[in-house]
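Quick mapping for you: the protein sequence lines, in order, are chains A and B. The numbering of the first sequence is my numbering, which starts it at 28 and goes up by one. The numbering of the second sequence is my numbering, which starts it at 28 and goes up by one.
2 protein chains.
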Amino acid sequence: MPRLTPLVAGLPATVPFVGPEAQERAAGRPFAARLGANESVFGPSPHAVDAMAAAARDAWMYGDPEMHDLRVAIADHHGVAPGNVLVGEGIDGILGNLVRLLVGHGTPVVTSAGAYPTFGYHVAGFGGAIHAVPYRDDHEDVDALAAVAREVGAALVYLANPDNPMGSWHPGPRIAAMLDDLPDGSLLCLDEAYADLAPADALPPIDASDPRVIRMRTFSKAHGLAGLRVGYALGHADLIAAFDRVRNHFGVGRVAQAGALAALRDRDWLGRVVAQVSDARDRIAAIAAGHGLRALPSATNFVAIDCGRDGAFARAVLNGLLGRGVFVRMPGVAPLDRSIRVSCGRAADLDALDAALGAVLRDLGSGVAGVAR
Amino acid sequence: MPRLTPLVAGLPATVPFVGPEAQERAAGRPFAARLGANESVFGPSPHAVDAMAAAARDAWMYGDPEMHDLRVAIADHHGVAPGNVLVGEGIDGILGNLVRLLVGHGTPVVTSAGAYPTFGYHVAGFGGAIHAVPYRDDHEDVDALAAVAREVGAALVYLANPDNPMGSWHPGPRIAAMLDDLPDGSLLCLDEAYADLAPADALPPIDASDPRVIRMRTFSKAHGLAGLRVGYALGHADLIAAFDRVRNHFGVGRVAQAGALAALRDRDWLGRVVAQVSDARDRIAAIAAGHGLRALPSATNFVAIDCGRDGAFARAVLNGLLGRGVFVRMPGVAPLDRSIRVSCGRAADLDALDAALGAVLRDLGSGVAGVAR
């Protein structure tokens, strides 16, 4: 066999990412409700759909490797310069390149135990040393993250605000203050994938001249374009420029750029989705309560439902839902794993959740009869 | 500033990829003919366009991270197993991951001087030591590549067949025989981006059980989907599986998978494009001859035109064409750089080339009056 590098040879051979399609193939039938990947079932803007269809005819042309028009529009939207904007293949792709820029063998990196696993996947993939900090009351522990960063001299600190998988959030000033607690030369990767769905006060003001933080945004969540693969980062111009040393320059194609640009411009659609998500969060909370469970507050397009016992019980609930055609996921680390994570859906999706959850809890000899509407 | 790894800090800060859009912005006007990036101006299959438009509505869903349907279709098409097929974000993206799997600090890698620069970009990006072999008579020198690979103990050898930027090719048996000349543990990266446009005898038979070679294919060229970013690799199942350790698992989205699958199935469209490309190659050769220049034989969707003097002269021709709104490119290394590289185009594109080339050569006091039709 070819000679894998020692680093790659030491990485896990198992695939950490199992999509709902694989589960559907294994079950031999499609899910009735797709509520596990925090996608926006409310769909993308019709203008974005039209833009993608038009760009499809022009798909023989590579996309602009500088992604000029999209970057300028994003820069205008946030009141920064285009040089502060990096567009990439979703936040996942940008995270991979960010880690590549900063992390080598043994580089100390800080994140939360149970936070977004793809970040840890990338850090391991470049040989970094992960220091994982426990959540505190279902929130990422900002003080502890900064303290461990100082202790280990972290090159990179990951924080999602709002958080995935718990849906919790910190006020913007709390995040801004955290920057002063980080050691010199440490970069905060502030994953704001759910920013569009969060209360305004959860977002610190953007200061693109601050070299201590890079902020991640995406078209995959509120904009309903997960299947297009476009995310962006806002940061200091020198850091943004450094990505040009390693990125796949033609990696965000013409169709993706066109769809993202149209989505960014359709603020009405975004407003509608935000309202639909808010309604769905309330409905999920009511469904949970109707079955004797507690929904955690959420600033995202999903809700963590505390199943009230341990991880094994929540896993049984999850498996019961999957078996009844309702795709949901759950956190991987205790004590977060006492909950299941349910994406916001349309009325029919949540009706299916309600019915399935009632049946599952009855099967498990738990819960109360579902009455929530 | 954040602490870039020593490897990244040592990489060039300049951007090696300048797209035609940047040139258009600088010139303040669009190109009249876009013949520089070996795109397929004949466009994608209408079925692929329809599939992308339909998938656009479903773009709120992430794509299947296993890309099951597309991989199965590709596997069926080539008579291999799905486990021998890797789908990725264009050949560029796959090359990056291949290099990441095999190349660390100082790992010896062999390629040709003047061959596809993105491969070298990736090798440098992971710290590999590139050994570049000169072309021989405008062909990549298969014997010399293998000899240098043995001499340096190369982990990876790059060969494009057909070749970019010269359009030349070797017979399939010649490539197959080369594998026996490589040292143990060396992997041949056989870039067959232009396979669909090459004579059948330029392609060695596919033996997916052979661990010595990985073959790269793409939807960006004959299939006319450069702006979609889908390529694939065919190789030994163990090597293909190794990519799962590092790849961006959701990196090829739903729209891209749908478009590529429909394109793969439309063999009629592909046949039409192959015929159009063949006609355009003949026309480009006639245009070159009409201006007293020589077109090199090509097994691709572009033609290298030997401008008959040195690199400075070809550069002057190139700049003259750009100034007249005709986007073309040229090889970067002598003696290949005595030529310009012109992608196949429609009649109107090639009319524009013909007129502009005549005017440029007149300006340069060279060539003959254009008479080619």
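Note that CB positions come from ideal geometry on N, CA and C, so glycine has one too.
Alpha-carbon to alpha-carbon, R281(B) and A75(A): In the first sequence, residue 75(A) corresponds to position 48, counting from 1. In the second sequence, residue 281(B) corresponds to position 254, counting from 1. Using only the alpha carbons, I get a separation of about 15 angstroms.
7 angstroms Cβ shell around A315(A) - same chain, five flanking residues per side excluded: In the first sequence, the residue the question calls residue 315(A) occupies position 288. So the qualifying residues of the chain are R321, A322, I332.
Beta-bridge pairing of I332(B) - partner residues as DSSP gives them: If you number the second sequence from 1, residue 332(B) lands on position 305. Its beta-bridge partners are A322(B), I367(B).
Spatially closest choice to G250(B) from R127(B), N111(B), E66(B), D85(B), by CA coordinates: Sequence index remark: in the second sequence, residue 250(B) carries index 223 (1-based). Residue identity differs from the one stated: residue 250(B) is His in this sequence, not Gly. Minimum Cα distance to H250(B) is reached at E66(B).
Chain-ordered neighbours of V175(A) on chain B, where CB pairs are closer than 9 angstroms: Locating residue 175(A) in the first sequence gives position 148, where the first residue counts as 1. Near V175(A) there are no residues of chain B at all, since even the closest Cβ is about 17 angstroms away, more than 9 angstroms.
For V42(A), the three-state DSSP class (helix, strand or coil): Reading the first sequence from its first residue, position 15 is the one you call residue 42(A). The answer is coil: DSSP assigns V42(A) none of H, G, I, E or B.
C-beta atoms of R307(A) and F246(A) nearer than 8 angstroms: As a position in the first sequence, residue 307(A) is number 280, starting the count at 1. As a position in the first sequence, residue 246(A) is number 219, starting the count at 1. In the sequence as presented, Arg is not what sits at residue 307(A); that position holds Ala. Contact: no.
Nearest-angstrom Cα separation, counted from P226(B) out to V126(A): As a first step, residue 126(A) must be located in the first sequence, where it is residue number 99. As a first step, residue 226(B) must be located in the second sequence, where it is residue number 199. Approximately 43 angstroms, taken between the alpha carbons.
Spatial distance of F153(A) from D378(A) (CA atoms): The residue you call residue 153(A) lines up with position 126 of the first sequence. The residue you call residue 378(A) lines up with position 351 of the first sequence. Distance between the alpha carbons of F153(A) and D378(A) is about 44 angstroms.
Residue from A40(A), V137(A), V304(A), A156(A) whose Cα sits closest to the Cα of D271(B): As a working note, residue 271(B) is residue 244 in the second sequence. Of the candidates A40(A), V137(A), V304(A), A156(A), the one whose C-alpha sits nearest the C-alpha of D271(B) is A40(A).
Cα-Cα separation between L214(A) and E51(B), rounded to whole angstroms: As a position in the first sequence, residue 214(A) is number 187, starting the count at 1. As a position in the second sequence, residue 51(B) is number 24, starting the count at 1. Answer to the nearest angstrom: the Cα atoms are 36 angstroms apart.
Beta-carbon gap between A60(A) and V353(A) smaller than 8 angstroms: In the first sequence, residue 60(A) corresponds to position 33, counting from 1. In the first sequence, residue 353(A) corresponds to position 326, counting from 1. At a Cβ-Cβ threshold of 8 angstroms, A60(A) and V353(A) count as neighbours.
Neighbour flag for L252(B) against chain A, beta carbons, 8 angstroms: By 1-based counting over the second sequence, the position of residue 252(B) is 225. Yes, contact with chain A.
Residue nearest to E48(A) in terms of C-alpha spacing, selected from A326(B), F340(B), D91(B), A36(B): Within the first sequence, numbered from 1, the residue matching residue 48(A) stands at position 21. Looking at the Cα atoms, D91(B) is the closest of the given residues.
Cα-Cα separation between D337(B) and G55(B), rounded to whole angstroms: Numbered from its first residue, the second sequence carries residue 337(B) at position 310. Numbered from its first residue, the second sequence carries residue 55(B) at position 28. Approximately 30 angstroms, taken between the alpha carbons.
CB contact check: S305(A) to chain B, cutoff 8 angstroms: One-based indexing of the first sequence puts residue 305(A) at position 278. Not an interface residue.
Whole beta strand (DSSP E) elements within the stretch 150-183 of chain A, 3-residue minimum: 156-160
Proximity to L252(B) [Cα-Cα], best of R84(B), A78(B), T32(B): The count along the second sequence starts at 1 and reaches residue 252(B) at position 225. It is A78(B).
Beta bridge counterpart(s) of V136(B) as assigned by DSSP: Along the second sequence, one-based indexing puts residue 136(B) at 109. Answer is I157(B), L183(B), bridged to V136(B).
R299(A) burial status per 10 Å Cβ neighbour count (16 or more: buried): Walking along the first sequence from the start, residue 299(A) turns up at place 272. The residue is exposed, with fewer than 16 neighbouring Cβ atoms inside 10 Å.
Under 8 angstroms between C-beta atoms of I121(A) and A326(A): Counting from one through the first sequence, the residue named residue 121(A) turns up at place 94. Counting from one through the first sequence, the residue named residue 326(A) turns up at place 299. Going by C-beta atoms, I121(A) is not nearer than 8 angstroms to A326(A).
Close beta carbons around V150(A), own chain, < 7 angstroms, minus the five adjacent residues each side: The count along the first sequence starts at 1 and reaches residue 150(A) at position 123. Only V126, V130, V136, I157 meet the Cβ criterion.
Within chain B, partners of H95(A) - CB distance below 8 angstroms: Here the question's residue 95(A) lines up with position 68 in the first sequence. Under the 8 angstroms cutoff, chain B gives E48, A49, R52.
Terminal residues of the alpha helix (DSSP H) in which L388(B) lies: Indexing the second sequence from 1 puts residue 388(B) at position 361. Run containing L388(B): 374-390, per the alpha helix (DSSP H) assignment.
Per-residue DSSP class, three states only, for I267(A): Working through the first sequence from its first residue, we reach residue 267(A) at position 240. Reduced to three states, the DSSP call for I267(A) is helix.
Close Cβ partners of M205(B) (< 6 angstroms) along its chain, the five nearest in sequence each way excluded: Here residue 205(B) is taken as the residue at index 178 of the second sequence, counted from 1. Here the set comprises V169, A173.
D376(B) versus Q303(B), L388(B), V175(B), H263(B), residue with shortest Cα-Cα distance: Taking the second sequence and counting its residues from 1, one reaches residue 376(B) at position 349. A check of alpha carbon separations from D376(B) across Q303(B), L388(B), V175(B), H263(B) identifies Q303(B) as the nearest.
I233(B) beta carbon less than 8 angstroms from that of H104(B): Sequence index remark: in the second sequence, residue 104(B) carries index 77 (1-based). Sequence index remark: in the second sequence, residue 233(B) carries index 206 (1-based). Not a contact, by the Cβ cut-off of 8 angstroms.
Listed by chain order, chain B residues near S67(A) by CB distance under 8 angstroms: Looking up residue 67(A) in the first sequence gives position 40. Residues of chain B passing the Cβ test: W87.
Coil, strand or helix - M243(B) by DSSP: Translated into the one-based positions of the second sequence, residue 243(B) becomes position 216. Strand at M243(B).
8 angstroms Cβ cutoff met for P192(A) and L363(A): Indexing the first sequence from 1 puts residue 192(A) at position 165. Indexing the first sequence from 1 puts residue 363(A) at position 336. Judged by beta-carbon spacing, L363(A) lies within the 8 angstroms limit of P192(A), meaning their Cβ atoms are closer than that value.
Contact set for L384(B): own chain, Cβ-Cβ below 6 angstroms, skip 5 residues either direction: Position 357 of the second sequence, counted from the first residue, corresponds to residue 384(B). For L384(B), where only same-chain residues beyond five positions count, the Cβ hits under 6 angstroms are H318.
Near-chain B residues of the stretch 251-285 of chain A - C-beta to any C-beta below 8 angstroms: Of all residues in the stretch 251-285 of chain A, the ones placed with a Cβ closer than 8 angstroms to any Cβ belonging to chain B are G251, L252, A253, G254, L255, R256, H263, D265, L266, A268, A269, D271, R272, V273, N275, H276, F277, G278, V279, G280, R281, V282, A283, in chain order.
Chain B contact for M357(A) (CB, 8 angstroms cutoff): Position 330 of the first sequence, counted from the start, is the residue given in the question as residue 357(A). Output row for M357(A): interface = no.
Cutoff 8 angstroms: M79(A) Cβ touching any chain B Cβ: To locate residue 79(A), count along the first sequence from 1; it is residue 52. True, the Cβ-Cβ gap to chain B drops below 8 angstroms.
Among M243(B), V257(B), K248(B), nearest to I267(B) - alpha-carbon criterion: For the purposes of this step, residue 267(B) is taken as residue 240 along the second sequence, with counting starting at 1. Closest by C-alpha distance to I267(B), out of M243(B), V257(B), K248(B), is M243(B).
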